[in-house]
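Everything below concerns the one structure shown next.
In our numbering, the protein residues as written are 235 to 500.
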């Protein structure tokens with residue numbers, strides 16, 4: 235059964251939809267614990283080239299079942315597909331399985347590499363991944379560095395996301411400050427960034443006592459506002475089309491629908 239599921243996932247046609255590789259990676263990640271040993275490396279190679287946000291966690295799951303030789307083959311394959319930044323992400327997906335003292339040396343080299351990157355967004359993303367490979371006591375100063383880099387990201391949505399990722403990587407008792415900072419960034423961003431506010435609320439849930447009032451309620455109010463605007467737009471579009479058809483009762487009917495939308499959404 236597992237072999238058949240893997241074959242189906244590997245043979246998915248990903249040419250017609252830009253999101254298909256993401257779905258395939260997610261399917262393979264869920265299957266990894268049930269894969270036969272001979273399928274581990276082919277599945278890992280199939281993950282290479284996919285978006286980093288789904289590739290890294292999926293590959294990290296697979297790496298736990300790879301031999302030293304297979305880890306080496308993965309690194310060689312990454313060299314043919316990625317630039318230095320992409321190779322660093324693959325190394326960080328595999329690094330938890332490297333033996334000591336080599337693992338610590340690799341992480342130190344990758345941290346130096348991340349600090350030399352010009353783009354603060356990329357610096358922050360790599361730094362968070364580096365911290366995820368370290369014990370908590372060693373990870374905390376690295377995450378402090380990630381927090382500092384996140385604050386330098388100019389684009390509001392990207393800054394919100396990396397602040398949220400930084401908060402999620404911290405121990406629950408240390409998340410509150412970064413969560414509030416991420417929420418402030420999200421609130422200043424696009425009106426439809428509801429999913430970002432939801433992610434912040436999830437990160438804050440284990441650590442912030444007034445999590446409903448401070449995080450979930452603003453997210454739900456933002457969602458309600460977006461829904462209200464979208465419904466109103468659709469009603470207006472429909473009304474315009476109906477008017478073209480000559481329905482005399484349209485204006486009154488439209489006002490009734492808009493009143494209903496306003497009544498049900500805060």
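We put the CB at the ideal spot given by N, CA and C, even for glycine.
As the structure is a computational prediction, the values presented were derived from the model and not from experiment.
CA-to-CA distance, residue 431 to residue 452, given in whole angstroms: If you number the chain shown from 1, residue 452 lands on position 218. If you number the chain shown from 1, residue 431 lands on position 197. A straight line joining the alpha-carbon of residue 452 with that of residue 431 spans about 8 angstroms.
Anyone know if the C-beta pair for residue 344 and residue 368 falls short of 8 angstroms? Here residue 344 is taken as the residue at index 110 of the chain shown, counted from 1. Here residue 368 is taken as the residue at index 134 of the chain shown, counted from 1. In this structure, residue 368 does not lie closer than 8 angstroms to residue 344 by Cβ.
C-beta contact flag for residue 377 and residue 404 at 8 angstroms: In the chain shown, residue 377 corresponds to position 143, counting from 1. In the chain shown, residue 404 corresponds to position 170, counting from 1. In this structure, residue 404 lies closer than 8 angstroms to residue 377 by Cβ.
Between which residues of its own chain and residue 307 is the CB-CB distance below 7 angstroms, once the five residues before and five after are set aside? Residue numbering aside, residue 307 sits at position 73 when the chain shown is read from its first letter. 275.
Whole-angstrom distance between residue 373 and residue 325, CA atom to CA atom: If you number the chain shown from 1, residue 325 lands on position 91. If you number the chain shown from 1, residue 373 lands on position 139. Counting only the Cα atoms, residue 373 lies some 17 angstroms from residue 325.
Can you list, in chain order, the stretches of the beta strand (DSSP E) that have 3 or more residues and sit fully within the segment 390 to 439? For the segment 390 to 439, not a single whole beta strand (DSSP E) run of length 3 or above is found.
Could you say which of 409, 434, 282, 411 lies nearest to residue 421 if we only look at CA atoms? The residue you call residue 421 lines up with position 187 of the chain shown. For residue 421, the closest of 409, 434, 282, 411 by C-alpha to C-alpha distance is 434.
C-beta contact flag for residue 455 and residue 412 at 8 angstroms: For this step, residue 455 is matched to residue 221 along the chain shown. For this step, residue 412 is matched to residue 178 along the chain shown. If you check the CB distance, residue 455 and residue 412 do not come in under 8 angstroms.
So residue 282 is in the alpha helix (DSSP H); what residue range does that whole segment cover? The count along the chain shown starts at 1 and reaches residue 282 at position 48. Run containing residue 282: none; DSSP gives neither H nor E here.
Here's a check: name, in chain order, each residue in its chain whose Cβ is nearer than 7 angstroms to the Cβ of residue 313, leaving out the five neighbours to either side. Here residue 313 refers to the residue found at position 79 of the chain shown. Same-chain partners within the cutoff: 321.
Under the three-state DSSP convention, the category residue 364 falls into: One-based indexing of the chain shown puts residue 364 at position 130. Helix at residue 364.
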